[in-house]
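S.K.: So for the sequence shown, the numbering used here puts the first residue at 43; every next one is plus one.
All residues carry an ideal CB built from backbone N, CA and C; glycine is no exception.
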Amino acid sequence: MKVINLKSELIPILKKERSAGKKIGLVPTMGALHGGHLSLVKASSIEADFTVCSIFVNPTQFNNQEDLLKYPNTFDEDIRKLKMAGCDIVYAPPHEDLYENESKRITEFSFGEFEQILEGKYRPAHFAGVALVVSKLFNIVTPDLTCFGQKDLQQYYLIRQLIKDLSYNIEIRCVPTVREEDGLAMSSRNLRIPHELRPLAATFYQCLITGKEMLKNGESISSAKRKVKEIFSESAELKLDYFEMIDTGNFKIIDQIKNENETSLCIAGYLNNIRLIDNVNYN
Ligand code: PAF
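1. Just tell me which of Tyr113, Cys95, Glu304 and Lys269 has its CA closest to the CA of Val322.
2. Between Asp320 and Lys193, is the Cβ-Cβ spacing less than 8 Å?
3. Check whether the region 276–284 and the region 209–216 touch, using three or more Cβ-Cβ pairs below 8 Å as the test.
4. Does the distance from the CB of Leu179 to the CB of Ser87 come in under 8 Å?
5. DSSP three-state call for Gly291: helix, strand or coil?
6. Output needed for His168: all residues of its chain with C-beta closer than 8 Å, excluding positions within five of it in sequence on either side, in chain order.
7. Could you tell me which uninterrupted alpha helix (DSSP H) segments, each at least 4 residues in length, are contained entirely in the region 146–232, listed from first to last along the chain?
8. When you compare each of Ile295, Glu302, Ile53 and Glu238 to Tyr133 by their alpha carbons, which one comes out closest?
9. Mind checking who Lys44 pairs with in its DSSP beta bridge?
10. Count the other CB atoms, across all protein chains shown, that sit within 10 Å of the CB of Arg122; report buried if there are 16 or more and exposed otherwise.
11. Comparing C-alpha positions only, which one of Gly191, Pro185, Leu307 and Thr149 sits nearest to Ala173?
12. Could you tell me if the beta carbon of Val175 falls within a distance shorter than 7 Å of some heavy atom in the ligand PAF?
13. Label Asp139 either buried or exposed according to how many other C-beta atoms from any shown protein chain fall within 10 Å of its C-beta, with 16 as the threshold for buried.
14. Determine the closest residue to Lys112 out of Arg234, Ala127 and Ser145, with distance taken between C-alpha atoms.
15. For the beta strand (DSSP E) containing Arg317, name the first residue and the last one.
16. Which residue comes first and which comes last in the alpha helix (DSSP H) that contains Pro241?
17. What number of angstroms, rounded off, separates the C-alpha of Val175 from the C-alpha of Cys216?
18. Ignore the nearest five residues each way along the sequence and tell me which others in Phe92's own chain have a CB closer than 6 Å to its CB.
19. Taking a contact to mean a Cβ-Cβ separation below 8 Å, would you say Gly171 touches Asn100 in this structure?
20. For the candidate residues Leu124, Arg202 and Ile214, whose alpha-carbon lies nearest to that of Asn292?
21. With the cut-off set at 8 Å, would you say Asn47 and Pro136 are in Cβ contact?
22. Alpha carbon to alpha carbon, how far is Ala227 from Leu204?
23. Check whether the Cβ atoms of Cys308 and Glu286 sit closer than 8 Å, and answer yes or no.
24. Taking only heavy atoms of the ligand PAF into account, decide whether any of them is closer than 7 Å to the Cβ of Asn321.
25. Would you check if the distance between the CB atom of Val220 and the CB atom of Ser306 is smaller than 8 Å?
26. What are the complete alpha helix (DSSP H) segments, minimum 4 residues, inside the region 244–283?
27. Starting from Ile66, follow the beta strand (DSSP E) in both directions and report where the run begins and ends.
28. Just reading off the alpha helix (DSSP H) that Ala90 is part of, what are its end residues?
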């Protein structure tokens with residue numbers, strides 16, 4: 043496995059692999075890798091012949107500067123994990139390699155109503171930054187396949203739509219969330235959870251399961267929402283941003299389940315100052 047910092051070095055290597063008939067997979071990450079990221083790399087290396095994993099902490103997607111500054115850096119450990127997971131090249135660019143034109147940039151993504159709900163609502167400009175960096179990576183790597191995690195369901199939907207809207211010739215896979223034993227979804231932010239608060243972090247997943255059970259038992263979405271609010275209000279360390287049911291066909295919030303196979307329950311909030319998100323499918 044090679045570690046490459048510059049796109050000028052990466053592009054000729056990929057050109058050679060492509061002309062040898064290899065299918066190229068891309069897994070974009072911001073580092074601080076955990077089992078969830080590794081499952082994306084594994085998914086890519088099963089389907090693609092050559093997997094590129096990018097590591098780049100993208101400043102344009104952080105609406106909260108503290109979050110950006112506190113983003114964990116575990117680079118050496120990441121490289122070790124990627125070697126074992128079947129990655130072929132790590133692209134770890136410095137800021138200028140992706141944002142060389144930043145001071146003169148006029149291109150700005152905007153996603154209408156999609157940005158008014160869930161993560162879009164609570165993290166202004168976040169998706170514009172994600173779309174910007176992912177488009178840059180798509181243009182540099184020109185992958186045949188890309189893998190995104192279900193944990194960031196709205197991000198997966200956004201990239202799937204971006205691929206269609208901008209006619210990228212890329213297949214996208216949604217890889218299931220990897221969880222800790224108590225159900226907590228793996229996330230780089232989990233590294234910031236203080237030991238004594240760690241058990242409380244499982245509340246997010248427990249609420250999803252409780253909500254899902256209530257709905258399966260015929261209770262209404264509004265009762266499930268009330269219950270989740272109540273659970274969050276029992277703990278001073280927890281703050282709920284949202285608990286919503288989504289139609290994953292069009293990514294709209296629903297107040298009644300019409301298509302069980304295209305419904306997901308999504309939750310986000312804070313454990314002290316650490317923001318956590320999670321979701322499960324209804325079926
Ligand atoms: O999910 C992430 O880690 C980031 O949003 C991504 C896709 C790597 C873009 O910076």
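M.R.: Based on what the coordinates show:
1. As a working note, residue 322 is residue 280 in the sequence shown. Comparing Cα positions, the closest option is Glu304.
2. Translated into the one-based positions of the sequence shown, residue 320 becomes position 278. Translated into the one-based positions of the sequence shown, residue 193 becomes position 151. Yes, the Cβ-Cβ distance between Asp320 and Lys193 is below 8 Å.
3. With the cut-off at 8 Å, the region 276–284 and the region 209–216 do not touch.
4. Residue 179 sits at position 137 when you count from the first residue of the sequence shown. Residue 87 sits at position 45 when you count from the first residue of the sequence shown. Not a contact, by the Cβ cut-off of 8 Å.
5. For the purposes of this step, residue 291 is taken as residue 249 along the sequence shown, with counting starting at 1. In the structure shown, Gly291 sits in coil (DSSP, three-state: anything other than H, G, I, E or B).
6. The residue given as residue 168 occupies position 126 in the sequence shown. Gln103, Phe104, Asn105, Glu161 and Gly162, listed in sequence order.
7. If only complete runs of 4 or more residues are kept, the region 146–232 shows the alpha helix (DSSP H) at 160–164, 168–183 and 195–207, in order along the chain.
8. Taking the first residue of the sequence shown as position 1, residue 133 is located at position 91. The shortest Cα separation from Tyr133 among Ile295, Glu302, Ile53 and Glu238 belongs to Ile53.
9. Here the question's residue 44 lines up with position 2 in the sequence shown. Bridge partners of Lys44: Ile131.
10. Start at 1 with the first residue of the sequence shown, and residue 122 comes out as number 80. Residue burial is scored here from C-beta neighbours: Arg122 has fewer than 16 other C-beta atoms within 10 angstroms and is therefore classed as exposed.
11. As a first step, residue 173 is located in the sequence shown; it is residue number 131 there, counting from the start. The shortest C-alpha separation from Ala173 is found at Thr149.
12. Counted from its first residue, the sequence shown places residue 175 at position 133. Yes, Cβ of Val175 sits closer than 7 Å to a heavy atom of the ligand PAF.
13. By 1-based counting over the sequence shown, the position of residue 139 is 97. With 16 or more Cβ atoms within 10 Å of its Cβ, Asp139 is classed as buried.
14. Sequence index remark: in the sequence shown, residue 112 carries index 70 (1-based). Across the set Arg234, Ala127 and Ser145, the C-alpha of Arg234 shows the shortest separation from the C-alpha of Lys112.
15. Against the sequence shown, residue 317 aligns to sequence position 275. Taken as a continuous stretch (DSSP letters only), the beta strand (DSSP E) holding Arg317 covers Ile316 to Asn323.
16. Mapped onto the sequence shown, residue 241 falls at position 199. That run of the alpha helix (DSSP H) goes Arg240 to Ala243.
17. Counted from its first residue, the sequence shown places residue 175 at position 133. Counted from its first residue, the sequence shown places residue 216 at position 174. For Val175 and Cys216, the distance between alpha carbons rounds to 19 Å.
18. Working through the sequence shown from its first residue, we reach residue 92 at position 50. Glu59, Lys64, Ile66 and Asp130.
19. In the sequence shown, the residue the question calls residue 171 occupies position 129. In the sequence shown, the residue the question calls residue 100 occupies position 58. Cβ distance < 8 Å, so Gly171 and Asn100 count as in contact.
20. If you number the sequence shown from 1, residue 292 lands on position 250. Nearest in C-alpha terms to Asn292, of all of Leu124, Arg202 and Ile214, is Arg202.
21. The residue given as residue 47 occupies position 5 in the sequence shown. The residue given as residue 136 occupies position 94 in the sequence shown. For Asn47 and Pro136, yes; Cβs fall inside 8 Å.
22. What you label residue 227 is simply residue 185 of the sequence shown in a count that begins at 1. What you label residue 204 is simply residue 162 of the sequence shown in a count that begins at 1. Near 25 Å, if we compare the C-alpha coordinates of Leu204 and Ala227.
23. Position 266 of the sequence shown, counted from the start, is the residue given in the question as residue 308. Position 244 of the sequence shown, counted from the start, is the residue given in the question as residue 286. Remark: C-beta atoms of Cys308 and Glu286 approach each other more closely than 8 Å.
24. As a position in the sequence shown, residue 321 is number 279, starting the count at 1. No; taking the cut-off as 7 Å, the Cβ of Asn321 has no heavy atom of the ligand PAF nearer than that.
25. Translated into positions along the sequence shown, residue 220 becomes position 178. Translated into positions along the sequence shown, residue 306 becomes position 264. When the beta-carbon positions are compared, Val220 and Ser306 stay at least 8 Å from each other.
26. Whole alpha helix (DSSP H) segments, 4+ residues: 245–258 and 263–275.
27. Position 24 of the sequence shown, counted from the first residue, corresponds to residue 66. In the DSSP assignment, Ile66 falls within the unbroken beta strand (DSSP E) covering Ile66 to Thr71.
28. On the sequence shown, position 48 is the one that residue 90 refers to. For Ala90, no alpha helix (DSSP H) run applies, since DSSP gives it neither H nor E.
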